[in-house]
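Student: In the UniProt record's numbering, the protein residues as written are 1 to 297. The beta-carbon is built from N, C-alpha and C at its ideal position, and this holds for glycine as well. No experiment lies behind these values; they were computed from the predicted model shown.
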Amino acid sequence: MVRLDNRISSERNYSNDFCIIFGSCRGLVCLESSGSISLWNPSIRKSLIISAKPRNYVLGFGVCNVTNDHKVVKLVYKQNISSRCMVQPEVEIYSLSTRSWRSVSDPAPSNHLVRDFWGYQCFAFGSVHWIASDVNREGDKYNLVVSFDMSKEVFNKLMFPNSIANYTRKLSITVLGDSLAALEFMNWKRGQRSYCVSVMKEYGVSESWTKLFTVKIPYWLENVTFREDGRIILPLNNNKLAFCDPESYDIKDLDNAGDFATYGIFTYTESLVLLKGRSSIPEGMPNLFAASAAKCS
1 MVRLDNRISS
11 ERNYSNDFCI
21 IFGSCRGLVC
31 LESSGSISLW
41 NPSIRKSLII
51 SAKPRNYVLG
61 FGVCNVTNDH
71 KVVKLVYKQN
81 ISSRCMVQPE
91 VEIYSLSTRS
101 WRSVSDPAPS
111 NHLVRDFWGY
121 QCFAFGSVHW
131 IASDVNREGD
141 KYNLVVSFDM
151 SKEVFNKLMF
161 PNSIANYTRK
171 LSITVLGDSL
181 AALEFMNWKR
191 GQRSYCVSVM
201 KEYGVSESWT
211 KLFTVKIPYW
221 LENVTFREDG
231 RIILPLNNNK
241 LAFCDPESYD
251 IKDLDNAGDF
261 ATYGIFTYTE
271 SLVLLKGRSS
281 IPEGMPNLFA
291 ASAAKCS
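#1: Which two residues bound the contiguous beta strand (DSSP E) that contains A242?
#2: Excluding five sequence neighbours on each side, which residues of the same chain lie with their C-beta closer than 8 Å to the C-beta of S198?
#3: Are D149 and N156 closer than 8 Å when you measure CB to CB?
#4: Taking its Cβ as the centre, do 16 or more other Cβ atoms sit within 10 Å of A52, making it buried, or is it exposed?
#5: Who are the Cβ neighbours of S147 in its own chain at under 6 Å, not counting the five residues just before and after it?
#6: Cα-Cα, which of C19, A108, L176 is closest to S33?
#7: So, is G60 buried or exposed, given that buried needs 16 or more other C-beta atoms within 10 angstroms?
#8: Quick one: what's S271 bridged to in DSSP?
#9: So, using beta-carbon positions, are K71 and V63 closer together than 8 Å?
#10: Quick one: residues in its chain with C-beta nearer than 7 Å to the C-beta of L75, no 5 flanking neighbours on either side, listed in chain order?
#11: One question on the structure: do V29 and I37 come within less than 8 Å of each other, judged by their Cβ atoms?
#12: Any Cβ of chain C within less than 8 Å of the Cβ of E270?
#13: For I44, which three-state DSSP category applies?
#14: Have a look at G177, L48, G230, S133 and flag the residue whose alpha-carbon is nearest the alpha-carbon of Y94.
#15: What is the rounded straight-line gap between the Cα of L171 and the Cα of E202?
#16: Nearest by alpha-carbon distance to P42: which of L31, I50, G35, G27 is it?
#17: Tell me, which residues are paired with N156 by DSSP?
#18: Looking at V215: is its Cβ nearer than 8 Å to the Cβ of I233?
#19: Please state the DSSP three-state secondary structure of N56.
#20: Which value, in whole angstroms, describes the spacing of the CA atoms of E153 and V66?
#21: On the three-state DSSP scale, how would you describe N162?
#22: To the nearest angstrom, how far is it from the Cα of V135 to the Cα of Y167?
#23: Considering only the alpha carbon of each residue, which of I44, D69, R227, F125 lies closest to S100?
#24: Given this structure, state the Cα-to-Cα distance separating L169 from T269, to the nearest angstrom.
#25: Return the Cβ separation of A242 and D253 in integer angstroms, given the expectation that the two are a contact with Cβ distance under 8 Å.
#26: To the nearest angstrom, report how far apart S121 and C244 are at their CA atoms.
#27: Could you give the residue range of the beta strand (DSSP E) that holds V104?
#28: What residue range does the beta strand (DSSP E) around L176 cover?
#29: Is it buried or exposed, K46, if we count other Cβ atoms within 10 angstroms and call 16 or more buried?
Structure (C-alpha cells):
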C-alpha cells in the first residue's frame with residue numbers, strides 16, 4: 001500500500017455531493033460527481049470532463065488491449081429504474097484517443113437487467129463486467145454477469161452455477177489474482193455477516209466457478225478489493241480501511257487519514273496519460289483522498 005500525497009479539492013463546498021468511483025485502469029481513474037463524468041490522472045494531477053451524467057445509466061471503464069486506448073461505455077435506460085427490465089438501453093462509447101462519444105453497433109441485451117447503479121463494475125480480460133439479472137422460462141429471476149469487450153465492442157454473458165445464480169443472493173463482481181471473482185452476501189447472525197468468495201478459474205467457462213472461502217466480519221460490504229497475498233481490503237464503518245485475513249478473520253486497521261465518506265479501493269499504475277489535460281480537478285468534485293489507492297507497478 002503506497003500513499004499518494006494528493007488530495008482532490010475544489011474551491012467550492014461540495015460536502016453534500018456523492019462521488020462514484022468506477023475504477024482505475026492504466027494510469028487513469030474514472031469517477032462521477034455533480035452531474036459530470038471525468039477521467040483523472042492522480043500522478044500528474046490532470047483531469048478531463050467527458051460527459052454530463054444521464055439518468056438511469058450504467059457505466060463501464062477499461063482499455064482496448066489492441067490499441068491501448070482508454071474507453072468508457074455507457075448504457076442509458078430511458079425508463080425509470082423500477083420499470084426498465086426488458087427494455088433495451090442505448091449504448092455509447094467514449095474513446096480517449098478521439099475524445100468523443102459514438103454509438104455502439106452491437107445492441108445491449110434487452111432481457112438482461114444490469115442492476116448495478118453505484119459504480120460496481122470490474123475490468124478484466126479486456127472486458128468490463130457487471131452483475132445482471134434475467135428471467136428463465138418459468139418466470140424466475142436469476143443472476144448472471146454481463147460483459148462488454150472493449151476491443152471488439154460487443155456484449156457477452158457469463159453464467160453462474162445454480163447456487164450463485166439464485167436471484168435472492170446479493171452479489172458484486174471483482175478480481176482476485178488472475179481470476180474473475182464474485183462476492184456473495186450469505187447471512188447475518190449474532191452481529192456477524194457472512195460473505196462467500198468464488199472465482200472463475202477458467203475465464204468464460206461457467207463450470208469453472210469454484211468457492212474459495214467464506215469470511216465472517218461485523219461490517220456490511222458492497223464490494224471489496226483483494227491484495228496479491230489474498231488479504232481483503234475492507235472499508236470500515238468509521239471511514240477507515242483495514243486488512244482482513246480470510247483464514248484467521250483477523251482484522252488490522254490501516255493507518256490512513258482523511259475523509260473517506262467517498263472513497264475507492266483499486267490498483268493504480270502511474271502513467272503520463274492526460275499530460276495535456278486540465279491542471280486541476282473538474283469543478284464539482286467533492287473532497288477525495290487518494291490514499292485509498294492500492295498502488296502497484
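Tutor: Let me spell this out:
#1: First-last of the beta strand (DSSP E) with A242: 241-244.
#2: Closer than 8 Å at Cβ, skipping near neighbours: I164, A181, A182, E184, W209, T210, K211, L212.
#3: Going by C-beta atoms, D149 is nearer than 8 Å to N156.
#4: When all chains shown are included, A52 counts as exposed.
#5: If we look at S147 and ignore the five residues flanking it on each side, its Cβ neighbours are S127, H129, N156.
#6: Among C19, A108, L176, the Cα nearest to that of S33 belongs to C19.
#7: Label assigned to G60: buried.
#8: The partner list for S271 (beta bridge, DSSP) is empty, contrary to what the question assumes.
#9: Less than 8 Å divides the Cβ of K71 from the Cβ of V63.
#10: Around L75: Y57, V58, P89, V91, A108, V114.
#11: Result no, Cβ atoms of V29 and I37 do not sit closer than 8 Å.
#12: Among the chains in the structure shown there is no chain C, since it carries only a single protein chain.
#13: Look at I44 here: in three-state DSSP terms it is coil, with no helix or strand label.
#14: Nearest C-alpha to Y94: L48.
#15: The straight-line gap from Cα to Cα measures roughly 20 Å.
#16: Ranked by Cα distance from P42, the first of L31, I50, G35, G27 is G27.
#17: Bridge partners of N156: S147.
#18: Not a contact, by the Cβ cut-off of 8 Å.
#19: In the three-state scheme derived from DSSP, where H, G and I count as helix and E and B as strand, N56 is classed as coil.
#20: CA-to-CA, the gap between E153 and V66 works out to about 12 Å.
#21: Here DSSP, grouped into helix, strand and coil, assigns N162 to helix.
#22: In this model, V135 and Y167 are separated by some 10 Å (Cα to Cα).
#23: In this structure, D69 is the residue among I44, D69, R227, F125 with its C-alpha nearest to the C-alpha of S100.
#24: The question names Leu, yet the displayed sequence has Arg at residue 169. Cα to Cα, R169 sits roughly 33 Å from T269.
#25: Contact flag correct, Cβ pair sits at about 5 Å.
#26: First, the residue type needs correcting, since residue 121 is Gln and not Ser in the sequence shown. Answer to the nearest angstrom: the Cα atoms are 22 Å apart.
#27: Here V104 belongs to no beta strand (DSSP E), and DSSP marks it neither H nor E.
#28: Counting along the chain, the unbroken beta strand (DSSP E) around L176 starts and ends at 170-176.
#29: So K46 ends up on the buried side.
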